[in-house]
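Chemist: Protein chains in written order, with my numbering: chain A, 979 to 1090; chain B, 3 to 115. Pasting a structure here, questions to come.
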């Protein structure tokens, strides 16, 4: 199906473990984004990408790594998970930088 | 620096009553403004957007918003709320280089029968 998907939808892990959250979009959008959503903070941008092999930091990049080898995929890796990274993570994409962003359904991550 | 303020953390309205959700922004140039809605357990969906032109914009589900440059506001309105409108609403501001879009903290809407 066309759209933007995220996997897994739910994940429980332990502190210190590496976790990768996947994001896939079928529109060939140039721009992709990773946000985290926490109570009282709204959405905060972690990383974004303007095209394949072009990524840049957002507001809260520490502890996260991204890559974009293909236009349609934008995985987010927590290299060594911490409890403070317990959150809901949303991936989004857009065709142009200032255009509407289309969001995935989110991944709920719990770090024990 | 860009910023977005949604002064109301939550609002409760009766079904059939009118609704206004407030949004104030700070941006150094002409902003691109968005309202998104998030239903429980879901991602965000665009309600409406303002880039230029008519300052009163219409969106989906009967929502509208008005851009007031003098007040740096972009308030969301609906004349008659339905129970299905219960959700969280996010205002966002961006511009050229919209990958720096900033989201407000959100306003949760409760609808009572």
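Note that the Cβ used here is the ideal one computed from N, Cα and C, for glycine as well. Predicted, not measured: the structure shown is a model, and the values here were computed from it.
Chain A beta carbons: is any one of them nearer than 8 Å to that of residue 4 of chain B?
Modeler: Along the second chain, one-based indexing puts residue 4 of chain B at 2. It does not: the Cβ of residue 4 of chain B has no partner Cβ on chain A nearer than 8 Å.
Chemist: Distance, Cα to Cα, residue 1066 of chain A vs residue 73 of chain B?
Modeler: Here residue 1066 of chain A refers to the residue found at position 88 of the first chain. Here residue 73 of chain B refers to the residue found at position 71 of the second chain. Looking at the two C-alpha atoms, the distance is approximately 33 Å.
Chemist: Where residue 16 of chain B and residue 64 of chain B are concerned, what is the direct C-alpha to C-alpha distance, given to the nearest angstrom?
Modeler: What you label residue 16 of chain B is simply residue 14 of the second chain in a count that begins at 1. What you label residue 64 of chain B is simply residue 62 of the second chain in a count that begins at 1. The straight-line gap from Cα to Cα measures roughly 17 Å.
Chemist: Assess contact between the segment 56–71 of chain B and the segment 103–114 of chain B, defined as three or more Cβ pairs (one per stretch) separated by less than 8 Å. Is contact present?
Modeler: no
Chemist: Is the Cβ of residue 92 of chain B closer than 8 Å to any Cβ of chain A?
Modeler: To locate residue 92 of chain B, count along the second chain from 1; it is residue 90. With 8 Å as the cut-off, residue 92 of chain B counts as an interface residue toward chain A.
Chemist: At 3 residues or longer, and completely inside the segment 51–111 of chain B: list those beta strand (DSSP E) runs for me, N to C.
Modeler: 58–60, 66–70, 75–80 and 89–96
Chemist: Rounded C-beta distance between residue 984 of chain A and residue 1053 of chain A? I'm assuming under 8 Å.
Modeler: Here residue 984 of chain A refers to the residue found at position 6 when the first chain is read from its first residue. Here residue 1053 of chain A refers to the residue found at position 75 when the first chain is read from its first residue. Not confirmed; about 10 Å, so no contact.
Chemist: What does residue 1083 of chain A touch in chain B if you count any residue whose Cβ is under 7 Å from its own?
Modeler: Your numbering for residue 1083 of chain A matches position 105 in the first chain. By Cβ distance, chain B contributes 44 and 45.
Chemist: Give me the DSSP bridge partner(s) of residue 18 of chain B.
Modeler: Against the second chain, residue 18 of chain B aligns to sequence position 16. BP columns for residue 18 of chain B are empty, so no partner.
Chemist: Using the beta-carbon count (16 or more within 10 Å), is residue 1085 of chain A buried or exposed?
Modeler: The sequence position of residue 1085 of chain A within the first chain is 107, counting from 1. Buried, because 16 or more other Cβ atoms sit within 10 Å of the Cβ of residue 1085 of chain A.
Chemist: For residue 83 of chain B versus residue 59 of chain B, is the C-beta distance shorter than 8 Å?
Modeler: Mapped onto the second chain, residue 83 of chain B falls at position 81. Mapped onto the second chain, residue 59 of chain B falls at position 57. Between residue 83 of chain B and residue 59 of chain B, the C-beta spacing is not below 8 Å.
Chemist: Return the residue from the list A:1002, A:1022 and A:1000 that minimises the CA-CA distance to residue 1037 of chain A.
Modeler: Here residue 1037 of chain A corresponds to residue number 59 of the first chain, with the count starting at 1. With distances taken between Cα atoms, residue 1037 of chain A lies closest to A:1022.
Chemist: What does residue 1078 of chain A touch in chain B if you count any residue whose Cβ is under 8 Å from its own?
Modeler: The sequence position of residue 1078 of chain A within the first chain is 100, counting from 1. Simply 36, 48 and 51.
Chemist: To the nearest angstrom, how far is it from the Cα of residue 2 of chain B to the Cα of residue 95 of chain B?
Modeler: Because chain B in this structure spans residues 3 to 115, residue 2 of chain B falls outside the shown range and cannot be described.
Chemist: By a C-beta neighbour count over all protein chains shown, 10 Å radius and 16 as the cutoff for buried, is residue 1056 of chain A buried or exposed?
Modeler: As a position in the first chain, residue 1056 of chain A is number 78, starting the count at 1. That one is buried.
Chemist: Check whether chain B comes within 8 Å of residue 1020 of chain A, counting only Cβ atoms and requiring the distance to be less than that.
Modeler: The residue given as residue 1020 of chain A occupies position 42 in the first chain. It does: the Cβ of residue 1020 of chain A has a partner Cβ on chain B nearer than 8 Å.
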